[in-house]
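Under our numbering, the residues of the sequence shown are numbered 1 to 374, in order. Have a look at the structure below, then the notes.
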Amino acid sequence: MAETTDVAIIGGGAAGCAVAYYLAQSGIKSTIIEREGLGNQASGYAAGGLNPLTGVGIPGPLGTFAWECFQLHMDLYPSLKDQSGIDYQTRKVGKFDLALEESEVAGLRETVELFQGIPGFEGRWLEPAEIAELEPRVSPNVLGGMYDFGNAAVDSHGFTNAMAAAAEKMGASIRVGNVRTLESKGGKVDRVVLADGEISCGQVVMAMGPWSRRAESWLGVYIPVDPLKGEIIRLEKNGEPFKHDIAGGGGTIYPKLDGLNWCGTTEDWKGFDREPSEQVAREIRELVVRLVPDLADAKIAKHTACLRPVTPDWLPVLGRAPGWDNVYLATGAGKKGILLAPGIGRSVADLITTGETALAIQGYSPERFATELD
Ligand SMILES: Cc1cc2nc3c(=O)[nH]c(=O)nc-3n(C[C@H](O)[C@H](O)[C@H](O)COP(=O)(O)OP(=O)(O)OC[C@H]3O[C@@H](n4cnc5c(N)ncnc54)[C@H](O)[C@@H]3O)c2cc1C
């Protein structure tokens with residue numbers, strides 16, 4: 001029998017699964033098409049930080065949307081956990097951003113202010129003695145640091161799968177398959193062509209993460225999303241557990257609920273290379289040992305590498321594809337795709353169901369790149 005769906009969602013990362021979830025909430029059945037397993041790319045191996053107050057474009061063009069997404073995450077967790085049966089462990093975290101050089105002190109002291117006066121958040125400067133008291137394993141060479149509390153963290157693989165599982169319970173389908181192209185009639189895509197079949201559809205959502213450019217030739221639309229490789233080494237616990245995330249000098253240590261200290265994260269433009277590199281593992285180790293010297297001996301339990309979907313302006317690409325009546329883009333979330341996923345899902349589902357959304361995605365339209373086609 002011919003396969004058919006109301007909405008075909010290409011890509012089962014955080015973006016695609018979130019669109020399926022919010023469509024299902026509106027009573028629309030979708031099919032998530034994924035070739036390598038749900039949340040098995042960046043969406044499964046991200047550090048899982050939900051940091052709405054800092055990062056590229058914050059404060060700035062990503063600020064309002066990042067904050068909306070953070071609120072969606074906080075509201076969603078209890079119900080999504082119950083609905084899906086997956087506890088993806090959303091929790092608030094405290095973090096130290098440490099100064100290793102005198103030149104870093106002023107910038108960190110300024111960043112403290114971003115966390116002050118915001119309900120649920122706090123930020124203050126810590127002197128070296130306070131740091132030593134709170135995290136005795138931190139290097140005695142640090143010059144002080146910023147403490148912030150209020151950001152959150154999730155298990156990103158669990159979160160992505162929770163979205164998909166809840167959507168499935170509400171009527172969505174998951175289809176294992178590799179999409180090869182799209183077929184269309186009169187400005188509308190009516191079929192998704194896979195390596196092993198075809199699916200007729202009413203609408204299509206392109207949520208292909210760093211592989212989004214593949215759809216440029218299918219749609220004749222410029223989709224400038226490029227892969228930014230990131231690696232994380234997970235170190236076995238080798239002493240007292242850390243109570244805070246600890247960052248500084250380009251390295252970060254995330255003590256995770258799996259008992260491991262996730263350390264990273266790197267940023268390399270290396271095309272679609274997804275191989276973990278031993279050289280990079282050594283570099284990450286050197287960075288985190290400057291923060292906590294006794295991590296020098298901790299054994300690597302796991303080493304992962306995956307790709308972030310990044311646009312030229314570091315903002316997501318959300319909305320209807322130029323020139324198409326029934327094709328939507330949900331991609332380009334860059335370094336913040338776990339934080340942004342609920343907002344991506346909700347806004348794209350809103351556009352499909354009502355043609356508008358209350359979320360602040362005005363600056364992220366695919367149209368902003370349309371001139372590049374000329
Ligand atoms: C090291 C690292 C740390 C990170 N830390 C954080 C963090 O702390 N907080 C945060 O918010 N974000 C973080 N991110 C970013 C976040 O992981 C990404 O922005 C997010 O996962 C992107 O989700 P996505 O669904 O757009 O893409 P992906 O997760 O890449 O999903 C796209 C999916 O599409 C599928 N696909 C592509 N083409 C096809 C096709 N033709 N047919 C079928 N399937 C297809 C792929 O197999 C893939 O599963 C981090 C990323 C990295 C690499």
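Idealized CB from N, CA, C, for every residue including glycine.
Among the options, whose alpha-carbon lies nearest the alpha-carbon of residue i?
{"i": "T90", "options": "I284, R191 and H157", "result": "H157"}
{"i": "D350", "options": "D6, L23, G12 and T54", "result": "L23"}
{"i": "V375", "options": "L98, F70 and E104", "result": "Not covered by the structure: residue 375. The range shown for the chain is 1 to 374."}
{"i": "I10", "options": "H244, A360 and A215", "result": "A215"}
{"i": "S139", "options": "S30, G150, F159 and E127", "result": "E127"}
{"i": "G61", "options": "G264, R368, A370 and I361", "result": "Going by the sequence as given, residue 61 is Pro instead of Gly. The residue with the shortest Cα to Cα distance from P61 is I361."}
{"i": "L315", "options": "G44, G63 and I253", "result": "G63"}
{"i": "A166", "options": "S26, W125 and N238", "result": "S26"}
{"i": "R175", "options": "Y364, E3 and R368", "result": "E3"}
{"i": "A14", "options": "A370, I352, R346 and G363", "result": "R346"}
{"i": "V205", "options": "D196, R191 and G197", "result": "R191"}
{"i": "A301", "options": "N238, F369 and K81", "result": "N238"}
{"i": "L228", "options": "L340, Q41 and V292", "result": "Q41"}
{"i": "Y45", "options": "K256, K92, S79 and W125", "result": "K256"}
{"i": "V379", "options": "Q203, N161, W269 and A153", "result": "Nothing about residue 379 can be reported from this structure: the residues present for the chain run from 1 to 374 only."}
{"i": "E34", "options": "L108, A195, V93 and A132", "result": "A195"}
{"i": "W67", "options": "S79, I118, G94 and Y77", "result": "I118"}
{"i": "F70", "options": "W125, Q83 and F121", "result": "F121"}
{"i": "A72", "options": "R368, L359, G363 and Y364", "result": "One detail in the question is off: residue 72 reads as Leu in this sequence, not Ala. Out of R368, L359, G363 and Y364, L359 has the C-alpha closest to the C-alpha of L72."}
{"i": "A152", "options": "Y254, Q83, L182 and V348", "result": "Y254"}
{"i": "S217", "options": "G197, E183 and K81", "result": "E183"}
{"i": "G187", "options": "G323, H303, G197 and Y77", "result": "G323"}
{"i": "T160", "options": "D294, D313, G363 and K81", "result": "K81"}
Can you say whether residue i is buried or exposed, counting buried as having 16 or more other CB atoms within 10 angstroms of its CB?
{"i": "P342", "result": "buried"}
{"i": "G150", "result": "buried"}
{"i": "D148", "result": "buried"}
{"i": "L373", "result": "A caution first: L373 carries a pLDDT of 49, below 50, which makes its placement in the model too unreliable to give a value."}
{"i": "T357", "result": "buried"}
{"i": "T354", "result": "exposed"}
{"i": "P210", "result": "buried"}
{"i": "D258", "result": "exposed"}
{"i": "D402", "result": "Residue coverage of the chain in this structure runs from 1 to 374, which leaves residue 402 outside it and unanswerable."}
{"i": "D155", "result": "buried"}
{"i": "E102", "result": "exposed"}
{"i": "K299", "result": "exposed"}
{"i": "Q279", "result": "exposed"}
{"i": "F272", "result": "exposed"}
{"i": "A106", "result": "exposed"}
{"i": "N178", "result": "exposed"}
{"i": "G319", "result": "buried"}
{"i": "N141", "result": "exposed"}
For residue i and residue j, which I take to be in contact (beta-carbon distance under 8 Å), what is that distance rounded to the nearest angstrom?
{"i": "L38", "j": "C17", "result": "6 Å"}
{"i": "V193", "j": "R180", "result": "5 Å"}
{"i": "A305", "j": "R285", "result": "About 15 Å; that fails the 8 Å criterion."}
{"i": "P366", "j": "A321", "result": "6 Å"}
{"i": "M163", "j": "A20", "result": "7 Å"}
{"i": "I233", "j": "A281", "result": "5 Å"}
{"i": "M74", "j": "T111", "result": "Not confirmed; about 22 Å, so no contact."}
{"i": "T265", "j": "A47", "result": "6 Å"}
{"i": "S43", "j": "D6", "result": "Their Cβ separation, rounded to whole angstroms, is 23 Å, which puts S43 and D6 out of contact at 8 Å."}
{"i": "E130", "j": "F242", "result": "Actually they are not in contact, since the Cβ atoms of E130 and F242 sit about 15 Å apart, beyond 8 Å."}
{"i": "L291", "j": "G230", "result": "About 19 Å; that fails the 8 Å criterion."}
{"i": "Q116", "j": "I352", "result": "Actually they are not in contact, since the Cβ atoms of Q116 and I352 sit about 39 Å apart, beyond 8 Å."}
{"i": "C201", "j": "A8", "result": "4 Å"}
{"i": "E240", "j": "R137", "result": "7 Å"}
Should residue i be counted as a contact of ligand 3 given a C-beta to heavy atom distance under 8 Å?
{"i": "L76", "result": "As for ligand 3, it is missing from this structure, which binds only ligand 1."}
request  = Go through the region 256-291 residue by residue and report every complete run of the beta strand (DSSP E) that reaches 3 residues or more, in order.
outcome  = 261-264
For a minimum of 3 consecutive residues, which ranges assigned as the beta strand (DSSP E) are wholly contained in the region 32-97?
Correct list: empty.
**contact_flag[the region 219-235, the region 324-341] where n(CB pairs < 8 Å) is 3 or more** = yes
inquiry  = Using 8 Å as the cut-off, can you tell me whether the region 331-338 makes contact with the region 42-59, which would need three or more C-beta pairs spanning the two stretches below that distance?
reply    = yes
- Message: Is it the case that the region 171-178 contacts the region 300-318, given that we only count it when at least three CB pairs across the two stretches are under 8 Å?
- Response: no
Would you mind listing the alpha helix (DSSP H) stretches within the region 159-224 that are 4+ residues and don't spill past its ends, in chain order? Counting only runs of 4+ residues, the alpha helix (DSSP H) found wholly inside the region 159-224 occupies 216-219, in chain order.
**Q.** Entirely enclosed beta strand (DSSP E) segments - the region 301-337, minimum 3 residues
**A.** Taking only runs of at least 3 residues, the beta strand (DSSP E) segments lying wholly in the region 301-337 are 317-320 and 327-331.
Please list the segments of the alpha helix (DSSP H) lying wholly inside the region 95-143, counting only runs of 4 or more residues, in order along the chain. Here the runs fully enclosed are 105-112 and 128-134.
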